[in-house]
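Report on the following structure.
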Amino acid sequence: MQGDFLNVLAFRPDGKLEFVDRDIIQSTMDDILALKVDPTGRFLIFPNYEPGSVFSLTIQSDGTTAPQASAPTSAQINAIEMTP
8 MQGDFLNVLA FRPDGKLEFV DRDIIQSTMD DILALKVDPT GRFLIFPNYE
58 PGSVFSLTIQ SDGTTAPQAS APTSAQINAI EMTP
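Take the sequence shown: its letter number 58 is residue 65 in this note's numbering, and every next letter is one higher.
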């Protein structure tokens, strides 16, 4: 994280650490505390502590990410858990 932006880097899980993609997420503070891939492997989801929102990136079949979406939540969200 640098200032008001988070860099999300994607690498292929092939043991070579081959770079796939980079996404820059704007955050109002350095408050993204956790990253989680959903059970299907199609979304990267992460809470933003302040002001209280959840971001998501779609993980494409080639490992690149699609533009982010966000939704407001209550303030000070610091974890996320997904259920089927």
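A virtual CB, placed ideally from N, CA and C, is assigned to each residue, including glycine.
Cα-Cα separation, residue i to residue j
i     : j     : result
Pro20 : Val61 : 26 angstroms
Pro74 : Leu40 : 20 angstroms
Thr71 : Asn55 : 22 angstroms
Identified DSSP bridge partners for residue i
i     : result
Arg29 : Leu16
Pro54 : Val61
Thr71 : According to DSSP, Thr71 bridges with nothing at all.
Ile66 : Thr72
Under 8 angstroms between C-beta atoms of residue i and residue j
i     : j     : result
Val15 : Leu64 : yes
Met89 : Asp30 : no
Pro48 : Gln83 : The amino acid occupying residue 48 in the given sequence is Gly; Pro does not appear at that position. Not closer than 8 angstroms, so no.
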